[in-house]
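So the protein sequences, as listed, match chains A and L.
Residue numbering for the first sequence is 1 to 193, as defined by this note's numbering.
Residue numbering for the second sequence is 1001 to 1570, as defined by this note's numbering.
Accompanying notes for the structure given below.
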Amino acid sequence: MGLRVIVADDHEAVRQGLRWMLRSDDAVEVVAEAADGESLLDLLDRVACDVVLLDLSMPVMSGLDVLAALKASDRRLPVVVLTMHDDAAHVDRALALGASGYILKSAPRDEMVRALMAAAAGGAYVQPSLAKPLLARYVLAAEGPPGEEADQLAPRQLQLLRALAAGRSNKELAHDLAISEATVKGYLKDLYG
Amino acid sequence: MGATPAAAIRRAAMPAEISATRRAVIAGWRALPPSGRFGLLGVLASAVVAIALGLFIPLEVRRHLLEAEGRGLEAAVVALQPSLPDLSSGPLSSTEISLTDRLVDRAILDSDHVRAKLWALDGTVLYSDAGELIGRVFADVRPRLDEVAASGTMHEVTDLHDAENELERQYPRLIEFYVPVRDDGGRTVAVFEIYEDVGFLEQALTGISNATWLAIGSGLTILLLFLLTLVAAAVRSISRDRAAAEARAGELAILVGAAEAVASSLEPAEIFSLLGSRVSRGLALSRLTIEPSQATGPGVLSFQLGNGTWLVAERTGGTLADEDARVLRSVANNLGVALANAALYAEVRDAAQARRALLRQVVQAHEDERRHLVGELHDSLAGDLIRVLYGLRGIRARASALSDDIRAELAGLEERVSAAERGLRAFMTRVRPASLDEFGLATALEEAVAQFRGETGLDVRLRVSGGVSRVSPDRQLVVLRAAEEALLNVRKHAHAARVRVSVRVGEARLGLTVDDDGVGWPAQLTSEAGRGVGLAYLRERTVGFGGAIRQERSRLGGARLVVDLPLGAA
Chain A
1 MGLRVIVADD
11 HEAVRQGLRW
21 MLRSDDAVEV
31 VAEAADGESL
41 LDLLDRVACD
51 VVLLDLSMPV
61 MSGLDVLAAL
71 KASDRRLPVV
81 VLTMHDDAAH
91 VDRALALGAS
101 GYILKSAPRD
111 EMVRALMAAA
121 AGGAYVQPSL
131 AKPLLARYVL
141 AAEGPPGEEA
151 DQLAPRQLQL
161 LRALAAGRSN
171 KELAHDLAIS
181 EATVKGYLKD
191 LYG
Chain L
1001 MGATPAAAIR
1011 RAAMPAEISA
1021 TRRAVIAGWR
1031 ALPPSGRFGL
1041 LGVLASAVVA
1051 IALGLFIPLE
1061 VRRHLLEAEG
1071 RGLEAAVVAL
1081 QPSLPDLSSG
1091 PLSSTEISLT
1101 DRLVDRAILD
1111 SDHVRAKLWA
1121 LDGTVLYSDA
1131 GELIGRVFAD
1141 VRPRLDEVAA
1151 SGTMHEVTDL
1161 HDAENELERQ
1171 YPRLIEFYVP
1181 VRDDGGRTVA
1191 VFEIYEDVGF
1201 LEQALTGISN
1211 ATWLAIGSGL
1221 TILLLFLLTL
1231 VAAAVRSISR
1241 DRAAAEARAG
1251 ELAILVGAAE
1261 AVASSLEPAE
1271 IFSLLGSRVS
1281 RGLALSRLTI
1291 EPSQATGPGV
1301 LSFQLGNGTW
1311 LVAERTGGTL
1321 ADEDARVLRS
1331 VANNLGVALA
1341 NAALYAEVRD
1351 AAQARRALLR
1361 QVVQAHEDER
1371 RHLVGELHDS
1381 LAGDLIRVLY
1391 GLRGIRARAS
1401 ALSDDIRAEL
1411 AGLEERVSAA
1421 ERGLRAFMTR
1431 VRPASLDEFG
1441 LATALEEAVA
1451 QFRGETGLDV
1461 RLRVSGGVSR
1471 VSPDRQLVVL
1481 RAAEEALLNV
1491 RKHAHAARVR
1501 VSVRVGEARL
1511 GLTVDDDGVG
1521 WPAQLTSEAG
1531 RGVGLAYLRE
1541 RTVGFGGAIR
1551 QERSRLGGAR
1561 LVVDLPLGAA
């Protein structure tokens, strides 16, 4: 008895292909199929499975909506996302909504099986080509938000900002820094503009 | 710091010191126009000169009269002299005295010349018509005698207190003439002193003086009257001018108000309501309206406006004067021009709005088409490619029985299809990024920036501030496309190391800026002709939403693209 998988994808052809491809491996068995998110949720109530292979772009209820619904229902069902979207936004959102795996539709069969196994075993799997930027984002987030503009400010501008924060007027600033009021306005324009 | 007490007291006392009259004079002087002041000063100067003349003329006349008298007496003495006894040899004998007495009585004395003395130079009275003085010596007369001997005839008012004049005290006003008596050699041997009663002379002088004063007084009076008339006329004329100037200023104020009203708006109704209220108030009109036809009647004036309508003004219960008509005509001219301008502007504005709407529609249609295309690709081609890919992989998984060359062919096909699928995915993202529809502008920008970073390895940062969710989807797309276009330009032209993308969403507008530290805008991207297809397209899109694109110099040193877009319906 292999891993029981429910496939959700709006493309009949894709579902056919998946069935055909996965049937070649005894480790995995497609037990049911859904063409949209809503019917998938229905199916999950009736059919027992170990893992769901979920497309993101589907009519009626998208894959992300399904993930959100599952997360809200507190149902501990491993879901591997199978999608065309290789962008960080989709990856991040799907993982944030509790997906256990994220692979692209173009992923090799072995990789797909590996992801399903890992997810079913309570682990996680993200396709290596997506995992690297994901880790980079994670590291970036862990380091805190970059000091976006601060490192772009000239010392003069910092000086001006501090004086401004102290409530000095343009005229006073000009006097403090021994520059003309027009120059102060120029700096401020740069700061705001 | 303050004034000394003394100064304070002085100052406090000042107002009391100035009498009411003085204050009135000062106030009057201040009230006078400059011409009046000059006139008054002229009269005062004339008065001073006239008074000086009035004092001087009688004195001068008197001097001349007395000198003439002196010369007459001199002539009489010269005529008398040959007949006189020898005066150089001491006191005269009684015969000589009686001879002299006769001579004097006949040649000198008359009703005016009342007395005569003949002095020796040592102060001895040689002869007097009053005999008791003869032989007496008055030493204090000598200086005068010496003076007469030296410089000739002189005269002076008789001092009746002098001792030698005791006999003359019966006359109220005498002048004494001293006339030298000279011998044949011209030497003064004696001096005649002749007393003249100047009562008549004084009378004549008084007459002259009175006449002079009368002439001066009447002259000054006439001058003053003339001047007062002149000043009054000038004051009248000035106040007339001032009234005219004030009226003109009032007219000008109305016209300026009308011009401001005309300049303040391009909405005909707004222009007229503002202008109408100002002009009506300024000219005290009861009605100022735009009518389709000319109106006439008492207190009503109509002016053609050029677009077939009439400006009708009415002053109930009054008349409209020429000045009012002049102002109204000018107002009507201005209004006519302004209304024509407003009509033109409305046409242009409508045309511009239509063009923008059209542009937006074109852009929208374009984007709809893209979305549709991506949808179609996703639904058909993408799915089919995946289906083929999975088919091939399924075959290969079962292919242990197949020959090596078939397996190799299958692997090659699989790779080709996989590459085609990747290419299609990239193309779809480029045509219409799924993240924009799914997650909005901020995410789509992050995607674009991340992709750019991945492809170029440059230091790219994105900052998004403000409520991006308030930006309508079509505008979000414009911003995303603008950012992509800018990044593309950076990659192609900038040679930059740092790129900063910033989106700020404000109350009514949003701004996108893309800065880099590269070489700045290349010439082919700034010239009007060759701005590049991408930028030109972007400009059209932005203009379609009532926005603008600016290519500036970045403070990072390179190029800066600014997109400014209004949030509301453009």
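Note that CB positions come from ideal geometry on N, CA and C, so glycine has one too.
query                                                                                                                                  : result
Listed by chain order, chain L residues near residue 16 (chain A) by CB distance under 9 Å                                             : 1387, 1390 and 1391
Endpoints, the alpha helix (DSSP H) within which residue 1361 (chain L) is located                                                     : 1322 to 1377
For residue 90 (chain A), the three-state DSSP class (helix, strand or coil)                                                           : helix
Cutoff 7 Å; reference residue 1054 (chain L); Cβ partners in own chain excluding five residues on either side                          : 1212, 1213 and 1216
Residue 1291 (chain L) versus residue 1260 (chain L): straight-line alpha-carbon distance, rounded                                     : 22 Å
Within chain L, partners of residue 57 (chain A) - CB distance below 8 Å                                                               : 1378 and 1434
Between the CA atoms of residue 1510 (chain L) and residue 1463 (chain L) - distance to the nearest angstrom                           : 13 Å
Assigned secondary structure, residue 1195 (chain L) (DSSP; H/G/I helix, E/B strand, else coil)                                        : strand
CB contact check: residue 1443 (chain L) to chain A, cutoff 8 Å                                                                        : yes
Residue-level contact to chain L via CB, residue 21 (chain A), 8 Å cutoff                                                              : yes
Any non-hydrogen atom of the ligand PLP closer than 7 Å to residue 1167 (chain L) Cβ                                                   : By its list of ligands, the structure shown contains no ligand whatsoever, and the ligand PLP lies outside what it can speak to.
Residue 1416 (chain L) - DSSP class collapsed to helix/strand/coil                                                                     : helix
Proximal chain A residues relative to residue 1407 (chain L), where beta-carbon distance stays under 7 Å                               : The contacting residues do not exist; residue 1407 (chain L) stays about 14 Å from chain A at best.
Local Cβ density within 10 Å of residue 1268 (chain L), reported as buried at 16 or more and exposed below that                        : buried
Where residue 1344 (chain L) falls, given that 16 or more other Cβ within 10 Å makes a residue buried                                  : exposed
Helix, strand or coil at residue 1508 (chain L) [DSSP, three-state]                                                                    : coil
Sequence-distant residues of its chain with Cβ nearer than 7 Å to residue 1253 (chain L) (five each side left out)                     : 1282
DSSP beta-bridge partners of residue 1460 (chain L)                                                                                    : L:1499
Cβ-based contacts, 8 Å cut-off: residues of the segment 1408 to 1427 of chain L near chain A                                           : 1418, 1421, 1422 and 1425
Within 8 Å, strictly: CB atoms of residue 106 (chain A) and residue 1421 (chain L)                                                     : yes
Under 9 Å (Cβ pairs) to chain A, residues found in the segment 1439 to 1463 of chain L                                                 : 1439, 1443, 1444, 1446, 1447, 1450, 1451, 1454, 1461, 1462 and 1463
Nearest-angstrom beta carbon gap, residue 1262 (chain L) and residue 1335 (chain L) [assumed within contact, 8 Å]                      : 7 Å
Beta strand (DSSP E) segment containing residue 28 (chain A), residue limits                                                           : 28 to 34
CB contact flag (residue 81 (chain A), residue 63 (chain A), <8 Å)                                                                     : yes
Where residue 1026 (chain L) falls, given that 16 or more other Cβ within 10 Å makes a residue buried                                  : exposed
is_contact[residue 11 (chain A), chain L] using C-beta, thresh 8 Å                                                                     : yes
Amino acids of chain A, ordered along the chain, whose beta-carbon sits closer than 8 Å to that of residue 1398 (chain L)              : 24
Span of the beta strand (DSSP E), counted from its first residue to its last, around residue 83 (chain A)                              : 79 to 83
Contact under 8 Å by Cβ, residue 1091 (chain L) with residue 1135 (chain L)                                                            : yes
Cβ neighbour criterion (16 or more within 10 Å) applied to residue 1476 (chain L)                                                      : buried
C-alpha distance - residue 1265 (chain L) paired with residue 1274 (chain L), whole-angstrom precision                                 : 9 Å
7 Å Cβ shell around residue 1552 (chain L) - same chain, five flanking residues per side excluded                                      : 1560 and 1562
Min CB distance residue 105 (chain A) to chain L below 8 Å                                                                             : yes
Beta carbon proximity, residue 1382 (chain L) to chain A, threshold 8 Å                                                                : yes
Whole-number beta carbon distance between residue 1468 (chain L) and residue 1441 (chain L), since they are thought to touch under 8 Å : 5 Å
Contacts of residue 1558 (chain L) in chain A (Cβ-Cβ under 7 Å)                                                                        : Neighbours of residue 1558 (chain L) on chain A: none; closest Cβ ~13 Å, over 7 Å.
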